[in-house]
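Our numbering puts the first residue of the sequence shown at 208, with every later residue one more than the last.
Quick notes on the structure that follows.
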Amino acid sequence: MSQMSRQDPLIENHTVDYVPLAERHGKARDLFTLWFSTNIAPLPIVTGAMVVQVFHLDLFWGLLAIALGHMIGGVVIALASAQGPRMGIPQMVQSRGQFGRYGALLIVFFAAIIYIGFFISNIVLAGKSIVGIAPSVPAPLSILIGALSATAIGVIGYNFIHTLNRIGTWVMGSALLAGFIYIFAHELPADFFTRGSFNLSGWLATVSLGIIWQISFSPYVSDYSRYLPADIGIGKPFIATYLGATLGTILSFTFGAVAVLATPEGTEAMAAVKQSTGWLGPILMVLFLLNIISHNALNLYGAVLSIITSIQTFASQWTPSIKVRVILSSVVLAGCCVVALGASADFISEFIGLILALLLVLVPWASINLIDFYLIKRGSYDIASIFRADGGIYGRFNLHAIIAYFIGIIVQLPFANTSLYVGPYANLVEGADLSWLVGLIVTCPLYYCLATRGQAQQSRATRLGFTD
């Protein structure tokens, strides 16, 4: 262990500011353990069960669609994660280099809503899990226990989150492997391999679900790679994140599908997990509860960073302290607990529907982020300008990015298939939300053309002496 590692404070002392090179530490493999462990949880397992229960695919075609969707979507999350070591700042702060200092505020706002939405949903889920394990614990107390535990992890911050997930990779990975072995070591239903069949709409819906699942993590990822050494390059963080995120989710989705196939048709997903794994079921439930709490710390951590980013936009000289992060975490905790304690029985499904609808705004952002970093600026940003009150060389608003962003949202609407809005062409392929594909196809070339044209005009103006 290095001298720097021994002197790291227990509670992370950086918020949205740049991480100096002297304070960089860690290995690329930390990204593998973080994203692998994070995705072995009840929500991806329940979602994987939908492949059989909702989309009516058989095991072979279901597994193929699961793997393909996550392998395609994983490219987006891995490319975003690889930006962290080069930039040394959180993902949402980096958006100022693409949208301008004030132009990035809308993206930060949407990201904060998504973080908070998932945080509330997960503390409700954690509360239900605690009640399921210990029925004598009152539901409100269970929710508070889950929320306080996640908040404590989020407040301690970066190093502790990585440490927990390094442990979680071995524990959760081994538990899931044991679950698979238990299921296949016992007699399977006669229709285990034949229940369901190939259908194009269900197959495409499953592929789309995997892609959207991975894209939904893109605002998070460089927050957890920004402390890595700047000279680590792009390849190692990309591969570690890609393998961790895709393997973790593919295994969890597959486990959900296998569990419901191993039980009578119509069995609820988590009940199927408990029923199909016998004596191992209660142990899995406890481990899933711990992982919900650990994963939910990421939501709180991201929400607080987004709120600090918003405030700091209007106070450029302000460098938030640890105390500020603790206070904001407490405020977010209190507000989320109030909502969670008053949640209805079907709150989780309703809220997840809302959050998935908000993913419409993430697709064009992810497109602009990746095109700008890898093709326009090629990883070269002026960090000082990102923190200047006037936006420095990036200005207060970058109209090229803002125009491409809003057009990217608008073109998705006719094809959207969400709980909030269903477009007129949403059922071109029944049950499959393909709006993300339209968003990518339009936003990527549009932003590239606008940005390169703007660069060319600025270069000509500079040569002609029209700029200061």
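Every residue gets a Cβ at the ideal spot worked out from N, C-alpha and C, and that includes glycine.
Note that the structure is predicted; figures quoted are calculated from it, not measured.
Would you please state the rounded distance, in angstroms, between the beta carbons of Ala-658 and Ser-642? I believe it to be under 8 Å. Not a contact, Cβ separation roughly 23 Å.
Is it a yes or a no for the segment 519 to 538 touching the segment 327 to 340, going by three-plus beta-carbon pairs under 8 Å? no
Using a Cβ-Cβ distance under 8 Å, would Tyr-365 count as near chain C? Chain labels in this structure do not include chain C; a single protein chain is all it has.
Inter-residue Cα distance where the pair is Ser-483 and Val-259: 16 Å
Taking only three categories from DSSP, how would you classify Asn-406? coil
How is the alpha helix (DSSP H) around Lys-481 delimited, first residue to last? 476 to 483
Where does the unbroken alpha helix (DSSP H) through Gly-615 begin, and where does it stop? 606 to 617
Reduced DSSP secondary structure (H/G/I, E/B, other) of Ser-209: Residue placement at Ser-209 is flagged as unreliable, the pLDDT there being 40, under the threshold of 50; the coordinate-derived value follows with that caveat. Ser-209 falls in the coil class under three-state DSSP.
Report yes or no: do three or more beta-carbon pairs, one from the segment 561 to 580 and one from the segment 416 to 426, lie closer than 8 Å? yes
Quick check on this structure: which residue in Trp-377, Ile-419, Gly-364, Leu-535 has the alpha carbon closest to the alpha carbon of Ala-625? The identity of residue 625 in the sequence shown is Thr, whereas the question assumes Ala. For the residues Trp-377, Ile-419, Gly-364, Leu-535, the minimum Cα distance to Thr-625 belongs to Ile-419.
Option in Leu-384, Tyr-655, Gly-233 with minimal Cα separation from Tyr-434: Gly-233
Anyone know if the C-beta pair for Tyr-322 and Ser-513 falls short of 8 Å? yes
Could you tell me whether the Cβ atoms of Asp-589 and Gly-602 are closer together than 8 Å? no
Among the residues of its own chain, which have a CB less than 8 Å from the CB of Ile-490, if the five just before and after it don't count? Ala-382
Three-state secondary structure assigned by DSSP to Asn-624: strand
Can you tell me the Cα-Cα spacing of Pro-249 and Asp-597, whole angstroms? 45 Å
When you compare each of Met-294, Val-538, Ser-356, Leu-241 to Ile-368 by their alpha carbons, which one comes out closest? Leu-241
Given a threshold of 16 other Cβ atoms within 10 Å of its Cβ, counted over all protein chains shown, does Thr-520 qualify as buried or as exposed? buried
Near Gly-320, what residues of its chain come up, given a Cβ to Cβ distance below 7 Å and the 5 sequence neighbours on each side ignored? Note on residue identity: the sequence assigns Ile, not Gly, to residue 320. Excluding sequence neighbours, Ile-320 sits near Leu-565.
Taking only three categories from DSSP, how would you classify Asp-224? coil
Taking the alpha helix (DSSP H) that Asn-246 falls in, what are its first and last residues? First-last for Asn-246: undefined, no H or E at that position.
What is the DSSP secondary structure of Val-629, reduced to helix, strand or coil? strand
Alpha carbon to alpha carbon, how far is Tyr-508 from Gly-255? 26 Å
Which full runs of the alpha helix (DSSP H) of 4+ residues lie inside the segment 273 to 342, going along the chain? 290 to 294, 298 to 301, 303 to 306, 312 to 340
One question on the structure: do Ser-429 and Gln-305 come within less than 8 Å of each other, judged by their Cβ atoms? no
Does the beta-carbon of His-393 have 16 or more other beta-carbons within 10 angstroms, so that it is buried, or is it exposed? exposed
Determine the contact status of Ala-677 and Leu-458, defining contact as a CB-CB distance below 8 Å. The structure shown does not extend to residue 677, since the chain spans only 208 to 675, so no value can be given for it.
Closest Cα partner of Leu-535 within the set Thr-358, Leu-264, Leu-286: Thr-358
Taking a contact to mean a Cβ-Cβ separation below 8 Å, would you say Ala-229 touches Ile-439 in this structure? no
Straight-line Cα distance separating Cys-544 from Ala-341: 20 Å
Please report the Cβ distance between Gly-403 and Asp-265, rounded to the nearest whole angstrom; I am assuming they are in contact, meaning their Cβ atoms lie under 8 Å. 4 Å
Mind checking whether Val-300 and Ile-518 have CB atoms under 8 Å apart? no
Rounded to the nearest angstrom, what separates Leu-606 and Phe-613 at their Cα positions? 10 Å
If you draw a straight line from the alpha carbon of Asn-506 to that of Phe-267, how long is it in whole angstroms? 34 Å
For Ile-583, name the three-state secondary structure that DSSP assigns. helix
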